[in-house]
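Number of protein chains: 2
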Amino acid sequence: MTGDPTAAPAPGVPLAAVDRELVEGVAFDSSGLVPAIVQDADGGQVLMLAYMNRDALARTIATGRTWLWSRSRQELWCKGETSGDRQYVREVRVDCDGDAVLLLVDQHGDAACHTKEWSCFHRPAARGPGVPRPDPRP
Amino acid sequence: MTGDPTAAPAPGVPLAAVDRELVEGVAFDSSGLVPAIVQDADGGQVLMLAYMNRDALARTIATGRTWLWSRSRQELWCKGETSGDRQYVREVRVDCDGDAVLLLVDQHGDAACHTKEWSCFHRPAARGPGVPRPDPRP
Numbered sequence: 063m064t065g066d067p068t069a070a071p072a073p074g075v076p077l078a079a080v081d082r083e084l085v086e087g088v089a090f091d092s093s094g095l096v097p098a099i100v101q102d103a104d105g106g107q108v109l110m111l112a113y114m115n116r117d118a119l120a121r122t123i124a125t126g127r128t129w130l131w132s133r134s135r136q137e138l139w140c141k142g143e144t145s146g147d148r149q150y151v152r153e154v155r156v157d158c159d160g161d162a163v164l165l166l167v168d169q170h171g172d173a174a175c176h177t178k179e180w181s182c183f184h185r186p187a188a189r190g191p192g193v194p195r196p197d198p199r200p
Numbered sequence: 063m064t065g066d067p068t069a070a071p072a073p074g075v076p077l078a079a080v081d082r083e084l085v086e087g088v089a090f091d092s093s094g095l096v097p098a099i100v101q102d103a104d105g106g107q108v109l110m111l112a113y114m115n116r117d118a119l120a121r122t123i124a125t126g127r128t129w130l131w132s133r134s135r136q137e138l139w140c141k142g143e144t145s146g147d148r149q150y151v152r153e154v155r156v157d158c159d160g161d162a163v164l165l166l167v168d169q170h171g172d173a174a175c176h177t178k179e180w181s182c183f184h185r186p187a188a189r190g191p192g193v194p195r196p197d198p199r200p
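As they're listed, the protein sequences go chains E and W.
Residue numbers for the first sequence follow the working numbering, beginning at 63 and rising by one.
Residue numbers for the second sequence follow the working numbering, beginning at 63 and rising by one.
The structure is reproduced here in structure tokens:
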């Protein structure tokens, strides 16, 4: 825990090289939300899937911290500000049709998941061998 | 292109070690859908975000191919069966609250994205340095 929950969130490093047209063009759904995948910039693990409204996206870019919209609490929150498991954002990417975003982050603290597992996606539901590519990657 | 679009999709290797309770417990939304993140099992790139209904999830596990629900076309589809950019699934993971899934796949063909970029998340919207962890990862 990081103490006073009413204190302003610890600052990150504001993002630069902002593509305003791309950001403005993000297609929020009928609830005003877009799914946001958060990925560990170092290890590559997919850490969590959460949701952003336009304000959360703007705050994320302005502060370099992960800001999200909680659908259950119906409020903006800054990831890790209560738990200490903060995320400092290195990059925001937008997908080809503009209706999903990907954050690449430095994950601080113990974990991204409230269970204290590194990733929220820690439960295997099924596994197989896959099929290796027969040819080199393009 | 892989020829006759009416042909049955090329088989993958069916997934095993299936946690039926976890699969049955996936929390589909009011539209019967759950977001599915697809990640390159080798390179670690997040390739795409799409949606599954219960049938798509069952088919994915049964066939070892990525099956999805197209919200625009309102139909099930098997990723890559028309483009040749098939995905062979190595693992399905479910997140901590059961309302998102992660697929780890062998990406075949040219790309995951219809634009022929490797990942649908190829557009940077903003970048920064992040904040490196002050301590080793747990």
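Cβ atoms here follow ideal geometry from the backbone N, Cα and C, with glycine treated the same way.
Remember, predicted model here, so these are calculated numbers, not experimental data.
Ignoring anything shorter than 4 residues, give me the alpha helix (DSSP H) runs that lie fully in the segment 123 to 186 of chain E, in order along the chain. Taking only runs of at least 4 residues, no alpha helix (DSSP H) segment lies wholly in the segment 123 to 186 of chain E.
Please report the straight-line C-alpha distance between residue 78(E) and residue 132(W), rounded to a whole angstrom. Here residue 78(E) refers to the residue found at position 16 of the first sequence. Here residue 132(W) refers to the residue found at position 70 of the second sequence. Cα to Cα, the separation comes out at about 34 Å.
Interface residues of chain W facing residue 101(E) [CB-CB closer than 8 Å]: What you label residue 101(E) is simply residue 39 of the first sequence in a count that begins at 1. Here the neighbours are 108.
Taking the C-alpha atoms as reference points, what is the distance between residue 70(W) and residue 115(W)? Here residue 70(W) corresponds to residue number 8 of the second sequence, with the count starting at 1. Here residue 115(W) corresponds to residue number 53 of the second sequence, with the count starting at 1. About 20 Å.
Evaluate the contact criterion for the segment 118 to 134 of chain W versus the segment 94 to 108 of chain W: three or more CB pairs, one atom per stretch, below 8 Å. yes
Quick one: residues in its chain with C-beta nearer than 7 Å to the C-beta of residue 136(E), no 5 flanking neighbours on either side, listed in chain order? The residue labelled residue 136(E) in the question sits at position 74 within the first sequence. Taken in chain order, the list of residues that qualify is empty.
Is there a Cβ of chain W sitting closer than 9 Å to that of residue 169(E), yes or no? As a working mapping, residue 169(E) is identified with position 107 in the first sequence. With its beta carbon less than 9 Å from one in chain W, residue 169(E) belongs to the interface.
Taking the C-alpha atoms as reference points, what is the distance between residue 111(E) and residue 147(E)? Position 49 of the first sequence, counted from the start, is the residue given in the question as residue 111(E). Position 85 of the first sequence, counted from the start, is the residue given in the question as residue 147(E). Cα to Cα, residue 111(E) sits roughly 15 Å from residue 147(E).
Beta-carbon within less than 7 Å of residue 121(E)'s beta-carbon, same chain only, minus the 5 sequence neighbours each way: which residues are those? Indexing the first sequence from 1 puts residue 121(E) at position 59. 129.
Residues in its own chain within less than 6 Å of residue 166(W) by CB, not counting five upstream and five downstream? Residue mapping note: residue 166(W) aligns to position 104 of the second sequence, counting from 1. 101, 103, 152 and 153, listed in sequence order.
If we ignore side chains and look at the alpha-carbon of each, how far apart do residue 119(E) and residue 144(E) end up? Along the first sequence, one-based indexing puts residue 119(E) at 57. Along the first sequence, one-based indexing puts residue 144(E) at 82. Cα to Cα, residue 119(E) sits roughly 20 Å from residue 144(E).
Does chain W have any CB closer than 9 Å to the CB of residue 158(E)? Start at 1 with the first residue of the first sequence, and residue 158(E) comes out as number 96. Judged by the 9 Å Cβ criterion, residue 158(E) is in contact with chain W.
Under 9 Å by beta carbon: chain W residues contacting residue 135(E): Here the question's residue 135(E) lines up with position 73 in the first sequence. What residue 135(E) touches in chain W: nothing, since even the nearest Cβ is about 13 Å away.
As a quick exercise: from 80(E), 75(E), 72(E) and 187(E), pick the residue whose alpha carbon is nearest that of residue 155(E). The residue you call residue 155(E) lines up with position 93 of the first sequence. Residue 80(E) is the option with its Cα nearest to residue 155(E).
From this set, 188(E), 195(E) and 181(E), which residue's C-alpha is nearest residue 200(W)'s C-alpha? What you label residue 200(W) is simply residue 138 of the second sequence in a count that begins at 1. Per the Cα distances, 181(E).
Quick one: which residues of the segment 119 to 134 of chain W get their C-beta closer than 7 Å to a C-beta of chain E? List them in chain order. Listed by position along the chain: 123 and 126.
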